[in-house]
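What follows is the structure in structure tokens.
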């Protein structure tokens, strides 16, 4: 008799962004004339840059010719892409890295979701609160999170809860943990970790034999030179951290699907009888069994991001979005609202005025201005009383949304 | 202290095709002048058809324009593709299907590997022997297969062992099983199930409350009208079967990555306390948490396979490969070798002469002819004494390989 994995049944049914979409549909049906602007979802709006588009056309032509057609690719991804990554994302920043340690994937979501499979069912996980839901939900499916409590926390998860007083910086856990998920620049708060702060996490992981899953999907948005763009800038990180990268936010690949995971050869975990086992061969075994590589076109497109033109063009897109972040920051300040992020990240984490709840503010702003934000409580209980705004809109939409928000807040 | 998932440690280290590649490399280093021809690996050689290439260029251009750029796609895939699939792969064959039941993926390997996550850790799995290794290895990682025995079987897996006398048809299990993996047309044996044979499996699953995971990746190669191309041609299958499709072998997408999984709304499994739970929402929850969709370009390319030109062109490619299958069949017959498949499948499953072992034959043929096959024992103990040949080569390579094989066998 086929029995289901009952861990699935405990998951909250509706995904945050589905609930938001339903509320927006309802609003539109009541206000068909309204021009709705979303500063909510983390999807990019600028088209692919010319260097990437050119690479896609060239790869499509290759696939059309007998002599140049490509079938199954190498298990860890094409060497031309892994070598470009090593050269530009690591060696150029003084970080030693081997192309063997790079595993190409179809986006950071897949790998941050799947990497937990390498660990035992009893692994104790630690996440920030608020947090990107994938880290928790994938472990819930794997049976590691215990019961879902009334406050939205899971009984077996250790929450590194942040708050305004502490600048939404994560606190070191007070109880033993095995896997620590860190995402910096952070989604949803837009905060970053300084080199010193990240060093304390690496030191913690080393002394407690924990593994850090470091999600660097937003590293391209870092403006300040002192902020680490990779955990491997920190001495000792290679033994305790895997790192997840994506071209989604760096180069607008949300529809194209390509990213990469770094699994250093020194990264190990333990067997029950105390032997150390390297995670790299385990991850390669996992991927070669349950994944068949990213599209050749996407891999060629990703390689184009590292060409001189590609880099310049992609930097132009990031500057485009960061101009939005600057404008949103200026406007929030002008409105007297407390917020985090927006300087080294495309996200702004805004405290709602007058102690309004996240959903209450979401609905009030939608009704009054037709502008959509993301309720902070959707990222965890510590997000209550906050909303997330994103810098991924067009300039025109962002300016118009801010104009409406100022009008509304002034009237309030 | 981070502990690994020890189930990974039991897996045989080297994947079959990696071992073959190493042996071929060794041969090449000893015979640098030899022109090696592979009839081994199941990768296609013909370029993408013009309709697909055109769709890739058009989609790349869309991604280059502000008004037509596409970011994150719908969670289950684009409606234009899901609707084309329903129309051509199901409704045109008289099979009712809703586009909601189609989940677009990046290839059948991912989903046949991941679908086991929906089931309890105690689920008893049944596979054919020989078998595509992904079904077993993914369950081994999930802890369902017990110990790896000396004969290559796993202690907790039920093997539906085939043999020449039974035409490599799978036998109904004699002990209770929960998940049954069936792949037809079969990889590696090239055999098919008649409608009556498939009906016995659907009936078995219904009466034993088992779920069938039906891998239809090679259905486009079926030539005989009486052979079912989908398990949903069989009455009662919607309640007991999920089905996996791929554009890899249908349309040469091994480098492009796109496929789809069918999860009918009626398909359920049980909770420990006896409630029935639909698998469709569980699978969508799994995918929306750990997957972010196939590339927009790949989805547009897949939709082009269903246009009138696309269908005609893709059928041309399949006919191209099946001409190889026919030639290989004719030659094997002429050489007096016993074999299966090659009529409704791109694979031929050949009994080695004079009781040679699979690897022994592989090495002897490589040394004598520089032609590569796949040792049958790599697909399971029941594959010992067989090798797999594929029809995916070019005509020129295939003819030359056959010429060499005939010369070698005549001398022997």
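Chains as they are written, first to last, in our numbering: chain A, 6 to 417; chain B, 6 to 417.
We treat Cβ as the ideally placed atom computed from N, Cα and C, and that holds for glycine.
If you're wondering where the values come from, they're calculated on a predicted model, not measured in any experiment.
Handout entry: Among 122/B, 134/B, 75/B, 63/B, the one whose alpha carbon lies nearest that of residue 144/A
Key = 122/B
Exercise for the section: Could you tell me which chain B residues have their CB closer than 8 Å to the CB of residue 9/A, listed as they occur along the chain? Expected result: For a Cβ distance threshold of 8 Å, residue set 123, 124, 125, 274, 275, 276, 282, 284, 287 of chain B lies close to residue 9/A, ordered along the chain.
Practice task
Would you identify the three-state DSSP class for residue 313/A, choosing helix, strand or coil?
Solution key: helix
Problem - Contact with chain A by residue 115/B, beta-carbon distance below 8 Å - result: yes
Practice task
Please work out which residues of its chain come closer than 6 Å, Cβ to Cβ, to residue 228/B, disregarding the five sequence neighbours upstream and downstream, and give them in chain order.
Solution key: 349
Problem - residue 31/A, DSSP secondary structure in three states - result: helix
Handout entry: Short CB-CB distance (under 8 Å) between residue 143/A and chain B
Key = yes
Exercise for the section: Assess, as a yes-or-no matter, whether the segment 313 to 322 of chain A is touched by the segment 54 to 65 of chain A under the definition of 3 or more beta carbon pairs within less than 8 Å. Expected result: yes
Handout entry: Alpha-carbon to alpha-carbon, residue 46/B and residue 396/A
Key = 47 Å
Practice task
Tell me, please, whether the CB atom of residue 86/A is closer than 8 Å to any CB atom in chain B?
Solution key: no
Handout entry: Residues of the segment 304 to 328 of chain A whose Cβ lies closer than 8 Å to any Cβ of chain B, in chain order
Key = none
Handout entry: As assigned by DSSP and simplified to three states, the class of residue 345/B
Key = strand
Practice task
For residue 74/A, go through chain B and note every residue whose CB falls closer than 9 Å to its CB, in chain order.
Solution key: 49, 50, 51, 52, 53, 257, 260
Handout entry: Distance between residue 194/A and residue 138/B (C-alpha atoms, nearest Å)
Key = Here the alpha carbon of residue 138/B sits roughly 43 Å from the alpha carbon of residue 194/A.
Exercise for the section: Measure from the C-beta of residue 156/B to each C-beta in chain A and report whether the shortest distance is under 8 Å. Expected result: So, not an interface residue.
Handout entry: Simplified DSSP assignment, three categories, for residue 402/B
Key = helix
Handout entry: Contact check, residue 247/B vs residue 268/B, beta carbons under 8 Å
Key = yes
Handout entry: Neighbour flag for residue 416/B against chain A, beta carbons, 8 Å
Key = no
Problem - Whether residue 413/A touches residue 387/A by CB criterion (8 Å) - result: no
Problem - 8 Å Cβ cutoff, residue 455/B in contact with chain A - result: Chain B is shown from 6 up to 417; residue 455/B falls before or after that span and cannot be answered.
Exercise for the section: State yes or no: is the beta carbon of residue 13/A nearer than 8 Å to at least one beta carbon in chain B? Expected result: Yes, because at least one Cβ of chain B sits closer than 8 Å to the Cβ of residue 13/A.
Problem - Listed by chain order, chain B residues near residue 192/A by CB distance under 8 Å - result: Chain B residues near residue 192/A: none, gap ~14 Å exceeds 8 Å.
Handout entry: Heavy atom of the ligand COA within 7 Å of residue 223/A beta-carbon
Key = Summarising the ligand content, the structure contains no ligands, and the ligand COA is consequently not present.
Exercise for the section: Measuring only between beta-carbons, confirm whether residue 151/A sits less than 8 Å from chain B. Expected result: no
Problem - Three-state secondary structure assigned by DSSP to residue 183/B - result: If DSSP states are grouped into helix, strand and coil, residue 183/B belongs with coil.
Problem - Cutoff 8 Å: residue 419/A Cβ touching any chain B Cβ - result: Nothing can be reported for residue 419/A: it is not among the residues displayed for chain A, which extend from 6 to 417.
Exercise for the section: Figure out for me which residue from 183/B, 354/B, 299/B, 378/B has the closest Cα to the Cα of residue 108/B. Expected result: 299/B
Exercise for the section: Please determine, among 347/B, 183/B, 8/B, 174/B, the residue with the shortest C-alpha to C-alpha distance to residue 202/B. Expected result: Comparing Cα positions, the closest option is 174/B.
Problem - Host beta strand (DSSP E) of residue 129/B (start-end) - result: Premise fails: residue 129/B is in no beta strand (DSSP E) and is neither H nor E.
Problem - Chain-order list of residues whose beta-carbon lies under 7 Å from that of residue 85/A (same chain, five-residue window excluded) - result: Cβ neighbours of residue 85/A beyond the five flanking positions: 308.
Exercise for the section: Please determine, among 14/A, 389/A, 365/A, the residue with the shortest C-alpha to C-alpha distance to residue 28/A. Expected result: 365/A
Practice task
Could you check which residue in 196/B, 178/B, 153/B has the C-alpha nearest to that of residue 205/B?
Solution key: 178/B
Problem - Of the listed residues 214/B, 190/B, 67/B, nearest to residue 222/B (C-alpha basis) - result: 190/B
Handout entry: Cα-Cα separation between residue 336/A and residue 343/A, rounded to whole angstroms
Key = Straight across, the Cα-Cα distance linking residue 336/A with residue 343/A is about 11 Å.
Practice task
Helix, strand or coil for residue 76/B, going by three-state DSSP, please let me know.
Solution key: Look at residue 76/B here: in three-state DSSP terms it is coil, with no helix or strand label.
Problem - Pick from 166/B, 288/B, 295/B, 375/B that is closest to residue 35/B, judged by C-alpha positions - result: 375/B
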